[in-house]
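Input: a single structure, listed below in structure tokens.
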Amino acid sequence: MDNDNGIEGVLREWIANQDDQPESLSQMEQNIREWLYRVGNLLLSLWLLYLMPRYDAPCVVCPHCAGKARYERRREGVLRTMLGQIKYKRAYYLCANCGQGHYPLDEKYCLRPNAMSAEMERLAALVGVQMPFAQASILFSELALTSLSDQSIDKATQSYGQTVEKVEGDLYQQALEQDTEVEPRLLRLYGSVDGGRVQTRAPKGQPQPWRELKIGAWFQARGEPPKKPDGEWAIQAHDITYYSDILPAEQFGNILWATGVERGAEQAQELIILGDGARWIWDLVELHFPQAIQIVDWFHACEYLAPVAKSAFKNSTQQENWVRKVRDKLWHGQLDEVIAACQEQVRPHLKAEDDPAQQAVTYFSNNRQRMDYPTYRKNGYQIGSGTIESAVKQIASQRMKVSGARWNLQSARMVSKARAAFLSGGWDRIAAQRRLFQKCA
Ligand SMILES: [Zn+2]
128 MDNDNGIEGV LREWIANQDD QPESLSQMEQ NIREWLYRVG NLLLSLWLLY LMPRYDAPCV
188 VCPHCAGKAR YERRREGVLR TMLGQIKYKR AYYLCANCGQ GHYPLDEKYC LRPNAMSAEM
248 ERLAALVGVQ MPFAQASILF SELALTSLSD QSIDKATQSY GQTVEKVEGD LYQQALEQDT
308 EVEPRLLRLY GSVDGGRVQT RAPKGQPQPW RELKIGAWFQ ARGEPPKKPD GEWAIQAHDI
368 TYYSDILPAE QFGNILWATG VERGAEQAQE LIILGDGARW IWDLVELHFP QAIQIVDWFH
428 ACEYLAPVAK SAFKNSTQQE NWVRKVRDKL WHGQLDEVIA ACQEQVRPHL KAEDDPAQQA
488 VTYFSNNRQR MDYPTYRKNG YQIGSGTIES AVKQIASQRM KVSGARWNLQ SARMVSKARA
548 AFLSGGWDRI AAQRRLFQKC A
């Protein structure tokens with residue numbers, strides 16, 4: 128500990144110099160954190176000073192045109208870091224050939240004057256995907272001791288969304304080039320797709336349009352469905368990756384495909400895709416993964432029954448009995464009987480959109496091939512995990528629909544992408560990608 132004696136002396140002196148007796152541990156913690164912050168700021172300034180060569184070469188190669196750039200002078204820059212603003216000076220070179228200037232030190236250490244440092248941006252976006260930016264700004268300032276406006280957090284979060292978008296673009300290119308003739312990597316891979324809704328801004332005086340936020344997940348699962356619909360659902364999804372965007376179905380399909388190929392969907396021995404029954408989802412699955420086993424999520428299918436019972440019977444016991452009876456038929460794959468039971472409740476004088484029974488008949492008829500639940504259960508497939516429900520809840524409801532959140536289309540897209548990446552557990556991976564794209568690896 129000999130080497131620490133110098134520091135220990137400084138620390139003892141610091142304690143002795145505290146004016147008053149502390150009131151509490153909290154006060155001691157606060158004082159120390161503020162002091163460490165100031166020490167950190169000073170240390171980073173000194174470090175940057177140390178990194179600057181004592182003698183700047185009179186000429187260096189221009190990074191823009193490979194011409195000869197001449198040393199001009201030292202110029203001051205300001206960095207925004209987790210240790211506060213740091214002023215530093217570094218050599219500036221100007222190229223006579225192309226007329227552009229550059230700072231070798233900035234390039235070497237990826238210093239971006241006036242912009243958030245990569246570390247600050249990583250943490251700002253991490254807070255920004257959790258909550259509205261105004262709250263995120265308060266939380267960030269409390270935890271980090273350095274303040275950041277809600278606009279800065281918004282910007283950082285969107286930058287992470289843009290990185291996710293770029294990664295998806297790269298995955299798409301890789302998927303186009305991938306050799307699909309390789310050995311199976313996985314026995315079984317699940318995918319699921321759903322949509323949530325987000326309200327976006329419109330020019331003044333026009334209605335604020337709702338947009339469909341499309342969300343998908345790839346995952347593996349352990350456990351099996353219960354023996355009866357009321358049994359315990361012991362299925363656990365793991366290795367989940369989420370993706371999301373507000374795009375027409377066809378473009379969203381490219382993300383579905385690229386992320387699926389990355390997860391080994393092309394090589395999986397069994398690829399199982401769960402959906403809520405919406406036509407656009409099955410169209411995309413047919414197009415990109417024709418080999419997939421398509422399953423209508425059990426819970427989505429069941430949701431069609433209660434409204435039929437409600438419109439057919441006044442008495443709640445009768446409603447419950449009807450739902451239980453028809454749900455059992457559905458569980459056993461007796462689709463003819465399910466459809467007939469709904470057909471009995473049809474009120475032909477109503478328009479289809481006003482009659483839950485007509486809607487149920489159409490729904491079960493269109494999706495009957497995807498509701499062979501006895502076979503799925505026999506094969507040990509999961510038929511309704513809540514994985515995608517939970518994704519919609521965590522992305523659409525918890526972050527995008529919170530009160531006070533009004534989105535322009537682009538920011539809604541980017542923030543949802545960043546949040547999907549966070550929920551996939553890939554934050555550090557996205558941070559690394561971002562540094563790579565910024566050539567700061
Ligand atoms: Zn040049």
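All residue numbers for the sequence shown refer to the numbering used here, where the first residue is 128 and numbers rise by one.
No residue lacks a Cβ here, since even glycine has one placed at the ideal position from N, Cα and C.
Nothing here was measured: the structure is a model prediction, and the numbers come from that model.
* To do: Compute the Euclidean distance between the alpha carbons of residue 342 and residue 171, then round it to the nearest angstrom.
  => Along the sequence shown, one-based indexing puts residue 342 at 215. Along the sequence shown, one-based indexing puts residue 171 at 44. Taking the straight line joining both Cα atoms gives about 42 Å.
* Rounded C-beta distance between residue 237 and residue 191? I'm assuming under 8 Å. -> Walking along the sequence shown from the start, residue 237 turns up at place 110. Walking along the sequence shown from the start, residue 191 turns up at place 64. With 8 Å as the limit, residue 237 and residue 191 do not qualify as a contact, their Cβ atoms being about 17 Å apart.
* Taking just the CA atoms, how far does residue 199 sit from residue 225? -> Within the sequence shown, the letter at position 98 stands for residue 225. Within the sequence shown, the letter at position 72 stands for residue 199. When rounded, the distance between both Cα atoms is 15 Å.
* Whole angstroms is fine: what's the gap from residue 402's alpha carbon to residue 442's? => Numbered from 1 along the sequence shown, position 275 holds the residue referred to as residue 402. Numbered from 1 along the sequence shown, position 315 holds the residue referred to as residue 442. Between residue 402 and residue 442, the C-alpha separation is close to 32 Å.
* For residue 340, which of 301, 554, 320, 296 has the nearest alpha-carbon? -> Here residue 340 is taken as the residue at index 213 of the sequence shown, counted from 1. Closest option to residue 340, Cα to Cα, is 320.
* With respect to 7 Å, is the separation between the Cβ of residue 191 and the closest non-hydrogen atom of ligand 1 below this value? -> Counted from its first residue, the sequence shown places residue 191 at position 64. Under cutoff, so the answer is yes.
* To do: With DSSP as the reference, please indicate the residues paired to residue 365 in a beta bridge.
  => What you label residue 365 is simply residue 238 of the sequence shown in a count that begins at 1. For residue 365, which the question treats as bridged, DSSP gives the partners 347.
* Asked: Alpha carbon to alpha carbon, what distance is there between residue 509 and residue 503?
  -> For the purposes of this step, residue 503 is taken as the residue at position 376 of the sequence shown. For the purposes of this step, residue 509 is taken as the residue at position 382 of the sequence shown. Between residue 503 and residue 509, the C-alpha separation is close to 7 Å.
* Asked: Any heavy atom of ligand 1 within a distance shorter than 7 Å of the CB on residue 227?
  -> The residue labelled residue 227 in the question sits at position 100 within the sequence shown. Taking 7 Å as the cut-off, one finds at least one heavy atom of ligand 1 near enough to the beta carbon of residue 227.
* To do: Label residue 268 either buried or exposed according to how many other C-beta atoms from any shown protein chain fall within 10 Å of its C-beta, with 16 as the threshold for buried.
  => As a first step, residue 268 must be located in the sequence shown, where it is residue number 141. With fewer than 16 Cβ atoms within 10 Å of its Cβ, residue 268 is classed as exposed.
* Asked: Leaving out the 5 sequence neighbours to the left and right, which residues in its chain are closer than 8 Å to residue 299 when beta-carbon positions are compared?
  -> For the purposes of this step, residue 299 is taken as residue 172 along the sequence shown, with counting starting at 1. Only 381, 382, 384, 385 meet the Cβ criterion.
* Asked: Where DSSP assigns a beta bridge to residue 166, which residues make up the other side?
  -> In the sequence shown, the residue the question calls residue 166 occupies position 39. Residue 166 is not bridged to any residue.
* Go ahead and pull the three-state DSSP assignment for residue 229. => Taking the first residue of the sequence shown as 1, we reach residue 229 at position 102. If DSSP states are grouped into helix, strand and coil, residue 229 belongs with the strands.
* **Close Cβ partners of residue 128 (< 6 Å) along its chain, the five nearest in sequence each way excluded** => As a first step, residue 128 must be located in the sequence shown, where it is residue number 1. Caution applies to residue 128, whose pLDDT of 47 falls short of 50 and renders its modelled position unreliable; the model cannot decide the point.
* residue 295 to residue 394 span [Cα, whole Å] -> Counted from its first residue, the sequence shown places residue 295 at position 168. Counted from its first residue, the sequence shown places residue 394 at position 267. One C-alpha to the other measures close to 19 Å.
* Please confirm whether residue 247 and residue 207 have their CB atoms less than 8 Å apart. => Sequence index remark: in the sequence shown, residue 247 carries index 120 (1-based). Sequence index remark: in the sequence shown, residue 207 carries index 80 (1-based). Yes. Within cutoff.
* Among all the DSSP beta bridges, which residues are the ones paired with residue 321? -> Your numbering for residue 321 matches position 194 in the sequence shown. Note: residue 321 sits in a beta bridge opposite 342.
* May I ask you to report which of helix, strand or coil DSSP gives residue 518? => As a first step, residue 518 must be located in the sequence shown, where it is residue number 391. Correct three-state label for residue 518: helix.
* Within 10 angstroms of its Cβ, does residue 249 collect 16 or more other Cβ (buried), or is it exposed? -> As a first step, residue 249 is located in the sequence shown; it is residue number 122 there, counting from the start. Buried, by the Cβ-count rule.
* Helix, strand or coil: how does DSSP classify residue 472 here? -> As a position in the sequence shown, residue 472 is number 345, starting the count at 1. In this structure, residue 472 counts as coil in the three-state DSSP scheme.
* Asked: What residue from 335, 175, 290, 563 has the CA that sits closest to residue 325's CA?
  -> Numbered from 1 along the sequence shown, position 198 holds the residue referred to as residue 325. Residue 335 is the option with its Cα nearest to residue 325.
* Specify, as a first and last residue, the run of the alpha helix (DSSP H) that residue 83 falls within. => Outside the shown range of the chain, which is 128 to 568, sits residue 83, and nothing can be said about it.
* Asked: Where residue 368 and residue 344 are concerned, what is the direct C-alpha to C-alpha distance, given to the nearest angstrom?
  -> Residue mapping note: residue 368 aligns to position 241 of the sequence shown, counting from 1. Residue mapping note: residue 344 aligns to position 217 of the sequence shown, counting from 1. Those two C-alpha atoms are separated by around 5 Å.
* Contact between the segment 463-479 and the segment 444-454: three or more CB pairs below 8 Å? -> Contact holds: three or more Cβ-Cβ distances are below 8 Å.
* So which of 139, 209, 182, 189 has the shortest CA-CA distance to residue 169? -> Here residue 169 corresponds to residue number 42 of the sequence shown, with the count starting at 1. Considering only alpha carbons, the answer is 209.
* To do: May I ask which residues mark the beginning and end of the beta strand (DSSP E) holding residue 406?
  => On the sequence shown, position 279 is the one that residue 406 refers to. No beta strand (DSSP E) holds residue 406; the alpha helix (DSSP H) holding it covers 406-415.
* Could you tell me which uninterrupted alpha helix (DSSP H) segments, each at least 4 residues in length, are contained entirely in the segment 207-256, listed from first to last along the chain? => List check, alpha helix (DSSP H) in window: 231-236, 245-255.
* Regarding residue 196 and ligand 1, is the C-beta to nearest heavy atom distance less than 7 Å? -> Taking the sequence shown and counting its residues from 1, one reaches residue 196 at position 69. Correct: residue 196 has its Cβ closer than 7 Å to ligand 1.
* So residue 561 packs on residue 284, CB below 8 Å; how close in whole Å? -> Indexing the sequence shown from 1 puts residue 561 at position 434. Indexing the sequence shown from 1 puts residue 284 at position 157. Wrong, their Cβ atoms sit about 12 Å apart, outside the cutoff.
* Please look up how many angstroms separate the CB atoms of residue 416 and residue 400, rounded, as I've assumed it's under 8 Å. => Working through the sequence shown from its first residue, we reach residue 416 at position 289. Working through the sequence shown from its first residue, we reach residue 400 at position 273. Right, their Cβ atoms sit about 7 Å apart.
* Quick one: Cα of residue 265 to Cα of residue 364, how far? -> Stepping through the sequence shown from its first residue, residue 265 is reached at position 138. Stepping through the sequence shown from its first residue, residue 364 is reached at position 237. Cα to Cα, the separation comes out at about 34 Å.
* Contact test: residue 237 Cβ vs ligand 1 heavy atom, cutoff 7 Å -> Counting from 1 along the sequence shown, the entry for residue 237 is found at position 110. No; taking the cut-off as 7 Å, the Cβ of residue 237 has no heavy atom of ligand 1 nearer than that.
* Asked: Going by the beta-carbon positions, is the gap between residue 253 and residue 534 smaller than 8 Å?
  -> Position 126 of the sequence shown, counted from the first residue, corresponds to residue 253. Position 407 of the sequence shown, counted from the first residue, corresponds to residue 534. Not a contact, by the Cβ cut-off of 8 Å.
* Who are residue 370's beta bridge partners in DSSP? -> On the sequence shown, position 243 is the one that residue 370 refers to. In the DSSP output, where bridge partners are listed per residue, residue 370 has 343.
* Asked: CB of residue 222 to nearest heavy atom of ligand 1: below 7 Å?
  -> Residue numbering aside, residue 222 sits at position 95 when the sequence shown is read from its first letter. Yes - ligand 1 has a heavy atom lying nearer than 7 Å to the Cβ of residue 222.
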